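Asker:
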Amino acid sequence: MTTYIFGHQNPDTDAITSAIIMADFEQSHGNKEAKAYRLGDVAPETQYALNYFNVEAPELLSDDLTGKDVILVDHNEFQQSAKTIENANVKHVIDHHRIANFETAGPLYYRAEPVGCTATILYKMYNERGYEIKPEIAGLMISAIVSDSLLFKSPTCTEQDVNAARALARIANVDVDQYGLDMLKAGASTKDSTEKELLNKDAKSFNIGENVVRIAQVNTVDIDEVLERQEAFENAMNQETAEQNYTSFILVVTDILNSNSKILVTGANTDKIASAFNTTLENNTAFLPGVVSRKKQVVPQVTEALS
1 MTTYIFGHQN PDTDAITSAI IMADFEQSHG NKEAKAYRLG DVAPETQYAL NYFNVEAPEL
61 LSDDLTGKDV ILVDHNEFQQ SAKTIENANV KHVIDHHRIA NFETAGPLYY RAEPVGCTAT
121 ILYKMYNERG YEIKPEIAGL MISAIVSDSL LFKSPTCTEQ DVNAARALAR IANVDVDQYG
181 LDMLKAGAST KDSTEKELLN KDAKSFNIGE NVVRIAQVNT VDIDEVLERQ EAFENAMNQE
241 TAEQNYTSFI LVVTDILNSN SKILVTGANT DKIASAFNTT LENNTAFLPG VVSRKKQVVP
301 QVTEALS
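Note that full-length UniProt numbering numbers the sequence shown so that position 146 is 146, with each residue one more than the last.
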């Protein structure tokens, strides 16, 4: 029986590559039915990595998971997962996020570590088992680490992430800094994407008390290029909020070169959300110097402000 392996909805590079890596790990472990899937479209940054290392994108998951064995990577919260995840047999989780809205009927393997990237944990798992890391798998691990750490600039990045990427570079035969910058730039262009596409490129929903907060992040080399379309973004955010019953919608536009962000906030609790960052909103926006990580610099602050 197939073991379904996948990351979160609106998958980023870590979510997609970690599914591929975990499938390879499981097959090395003897589980020949392990297969990677994805829960959304492949973003340009991720496609750059897949093309560079000549790896095919996972199949889009469409199966009903009721009674099926699954492994979750790069997430655990059910609202970020597949539609029928509550009816699946979750056998294993490998993650680096908070644990919330998660429970299973049976025991499982659960590995969560406060590192910058799921692929860093997977790298350790390969080493612990003594499994070979193929060059293309090493390349995907590097891509995930670079993506989640913004080339080691994010506050979520740990020494373990940096050491893993440097060691993997020798296997993949790449210059991490040059490859990483090229990959990030490949995913930073926004001109050819619609507002809806950008909002769902890297977005997650968070249950905070009685609130459902949608937080989308767009990485760019020019914040103004994105927010020139502010009115169109607000319309798209308001429409999605009405359709999905979100309480608030936060768009985080991050400058990957200068490590700053600007937020655009719609919906309820705008003052509380602004207070989470010790600022006020002007025309629904605020500049957040030094903020690049949704996981560490946005979600905890908003959670505290709304709790």
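C-beta: ideal position from N, C-alpha, C; glycine also.
Keep in mind it's a predicted model, so treat the numbers as computed, not measured.
I need the straight-line Cα distance from ILE16 to ASN284, nearest angstrom please.
Answerer: Cα-Cα distance, rounded: 33 Å.
Asker: Excluding the 5 residues preceding and the 5 following ARG166 in the sequence, name in chain order all residues of the same chain whose CB lies nearer than 7 Å to its CB.
Answerer: Answer for ARG166: VAL176, listed in chain order.
Asker: Going by beta carbon distance, what residues of the same chain come within less than 6 Å of ALA100, once the five residues before and after it are set aside?
Answerer: Taken in chain order, the residues that qualify are GLU77.
Asker: Which same chain residues end up closer than 6 Å to THR303 when comparing Cβ atoms and leaving out the 5 residues on each side of it in sequence?
Answerer: So the list reads ILE208, once near-sequence residues are dropped.
Asker: To the nearest angstrom, report how far apart PRO114 and HIS97 are at their CA atoms.
Answerer: Approximately 7 Å, taken between the alpha carbons.
Asker: State buried or exposed for THR254, treating a residue as buried only when at least 16 other CB atoms are found within 10 Å of its CB.
Answerer: It is buried - the Cβ of THR254 has at least 16 other Cβ atoms within 10 Å.
Asker: State the Cα-Cα distance for the pair TYR179 and ASP41, rounded to the nearest angstrom.
Answerer: Their backbone Cα atoms lie some 23 Å apart in a straight line.
Asker: Going straight from the alpha carbon of GLN230 to that of THR266, what length do you get?
Answerer: If you take the alpha carbons of GLN230 and THR266, they lie about 11 Å apart.
Asker: In chain order, what residues of the same chain lie with their CB nearer than 7 Å to the CB of ASP74, ignoring the 5 residues before and after it?
Answerer: Cβ within range, chain order: GLY7, HIS8, ASP14, ALA15, SER18, ASP95 and THR118.
Asker: Do PRO58 and ILE20 count as a contact pair if the criterion is CB distance below 8 Å?
Answerer: Contact: yes.
Asker: Which residue wins for smallest C-alpha separation from LYS91, given the options LYS83, GLY106, GLN80 and ALA82?
Answerer: The residue with the shortest Cα to Cα distance from LYS91 is GLY106.
Asker: Counting Cβ pairs closer than 8 Å, one from the region 207–225 and one from the region 240–256, do we hit at least three?
Answerer: Yes: at least three Cβ pairs fall under 8 Å.
Asker: Between the beta-carbon of PHE53 and the beta-carbon of GLU132, is there less than 8 Å?
Answerer: Cβ distance not < 8 Å, so PHE53 and GLU132 don't count as in contact.
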